[in-house]
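Per my numbering, the sequence shown starts with residue 62, numbered consecutively. Backbone N, C-alpha and C define an ideal beta-carbon position, used for all residues, glycine too. Predicted model, so just to flag it, every value in this text is computed and none were measured. Some notes on the structure that comes next.
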Amino acid sequence: MTDPAHPPQTKPTFAPPARMTVRRLRPSDSMTELTGLLHRAYAKQVTLGMHALASHQTPEVTRRRVDKGECFVAVDEVGGQIIGSIMFQEPSWGGSATESGPRWFRRPDVANFSQFAVEPSRQGQGIGRLLLEGVERRARELGMAELALSTAEADAELVAFYRARGYRDIDRFDWGVTNYTSLIMSKSLR
């Protein structure tokens, strides 16, 4: 028998946001809309004095970046707007020293994600969680042992967000296109 003065403790259940779909980016999706979302989502870092590429890149740069990997978007089913985005497996290294990328990202058993953004007015509704869970599932499907990311080390709130989701600090890296040191974080998928 339960005591009405002390109801049983229940764990809150997670309900996905209403009227939202997560899907692969389509060729018909607007790069201008996606770029605007990235600019709005990264605006907080800009106010903190950070110069992240996604905070100011052009739609053409967004197109080049999304064409390199698998971009997933959260779309509001009512208005059709892109309200979240995450880029899976964006190659981060090239020929020059500044484009060589973090060593951790080059491991064959490590996948990575980037350009993770949720519309600021929709943050806290579980959209980011669904996008992260989606790329974690995708990395597992590909047999990866780890899923890694690069984030501004000085953005304590964002670093705490990732740590709360099981990501740990691996290394620090200077991309050469930002004005801050990036923290390389990774999560075991096993």
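In the DSSP assignment, find the unbroken beta strand (DSSP E) run with Q176 in it and report its ends.
Residue mapping note: residue 176 aligns to position 115 of the sequence shown, counting from 1. Its beta strand (DSSP E) spans residues V171 to V179.
Tell me the rounded alpha-carbon separation between W236 and R190.
Walking along the sequence shown from the start, residue 236 turns up at place 175. Walking along the sequence shown from the start, residue 190 turns up at place 129. Approximately 26 Å between the Cα atoms of the pair.
Please go through the region 105 to 171 and give each complete alpha helix (DSSP H) segment of 4 or more residues, from N-terminal end onward.
Those alpha helix (DSSP H) runs which fall completely within the region 105 to 171 and span 4+ residues are 120 to 127.
Given that a residue counts as buried once 16 or more other Cβ atoms are within 10 Å of its Cβ, and exposed if not, what is T134?
Reading the sequence shown from its first residue, position 73 is the one you call residue 134. In the sequence as presented, Thr is not what sits at residue 134; that position holds Val. V134 is buried by the Cβ-count criterion.
Go ahead and pull the three-state DSSP assignment for L203.
Against the sequence shown, residue 203 aligns to sequence position 142. The answer is coil: DSSP assigns L203 none of H, G, I, E or B.
Distance, Cα to Cα, A213 vs G141?
Within the sequence shown, the letter at position 152 stands for residue 213. Within the sequence shown, the letter at position 80 stands for residue 141. Near 30 Å, if we compare the C-alpha coordinates of G141 and A213.
Let me know if A113 comes out buried or exposed under the rule of 16 or more other beta-carbons within 10 Å of its beta-carbon.
For this step, residue 113 is matched to residue 52 along the sequence shown. Counting Cβ neighbours within 10 Å, A113 comes out buried, since at least 16 surround it.
Excluding the 5 residues preceding and the 5 following Y103 in the sequence, name in chain order all residues of the same chain whose CB lies nearer than 8 Å to its CB.
As a working mapping, residue 103 is identified with position 42 in the sequence shown. Result list for Y103: A113, A115, S116 and A178, in chain order.
Assuming S247 and R229 are in contact, meaning their beta carbons sit under 8 Å apart, how far apart are those beta carbons, in whole angstroms?
Taking the first residue of the sequence shown as position 1, residue 247 is located at position 186. Taking the first residue of the sequence shown as position 1, residue 229 is located at position 168. Contact holds; Cβ gap of about 6 Å.
Less than 8 Å between the beta carbons of F166 and V196, yes or no?
Indexing the sequence shown from 1 puts residue 166 at position 105. Indexing the sequence shown from 1 puts residue 196 at position 135. No, the Cβ-Cβ distance between F166 and V196 is not below 8 Å.
In the DSSP assignment, what are the bridge partners of D230?
Numbered from its first residue, the sequence shown carries residue 230 at position 169. Looking at the DSSP assignment, D230 forms a beta bridge with M246.
Using only the alpha-carbon positions, how far apart do F234 and E218 sit?
One-based indexing of the sequence shown puts residue 234 at position 173. One-based indexing of the sequence shown puts residue 218 at position 157. So the alpha carbons of these two residues sit roughly 19 Å apart.
List the residues that DSSP assigns as beta-bridge partners of M92.
Taking the first residue of the sequence shown as position 1, residue 92 is located at position 31. Looking at the DSSP assignment, M92 forms no beta bridge with any residue, so it has no partner.
Would you list the residues sitting across from A209 in a DSSP beta bridge?
One-based indexing of the sequence shown puts residue 209 at position 148. DSSP, once it has assigned bridges, lists N173 and S247 as partnering A209.
Exposed or buried, which one is R164 when buried takes at least 16 other CB atoms within 10 Å?
The sequence position of residue 164 within the sequence shown is 103, counting from 1. By the neighbour-count rule (16 or more Cβ atoms within 10 Å), R164 is not buried but exposed.
Leaving out the 5 sequence neighbours to the left and right, which residues in its chain are closer than 7 Å to R126 when beta-carbon positions are compared?
As a first step, residue 126 is located in the sequence shown; it is residue number 65 there, counting from the start. Taken in chain order, the residues that qualify are M148, E151 and Q176.
Any idea which residues DSSP pairs T82 with across the strands?
By one-based count along the sequence shown, residue 82 stands at place 21. Its beta-bridge partners are V136.
Rounded to the nearest angstrom, what separates F174 and R124 at their Cα positions?
For the purposes of this step, residue 174 is taken as residue 113 along the sequence shown, with counting starting at 1. For the purposes of this step, residue 124 is taken as residue 63 along the sequence shown, with counting starting at 1. The alpha-carbon atoms of F174 and R124 are separated by roughly 16 Å.
Where does R87 sit, in a helix, a strand or coil, going by DSSP?
On the sequence shown, position 26 is the one that residue 87 refers to. Correct three-state label for R87: coil.
Classify G145 as buried or exposed, calling it buried when 16 or more other Cβ atoms lie within 10 Å of its own Cβ.
Here the question's residue 145 lines up with position 84 in the sequence shown. Buried.
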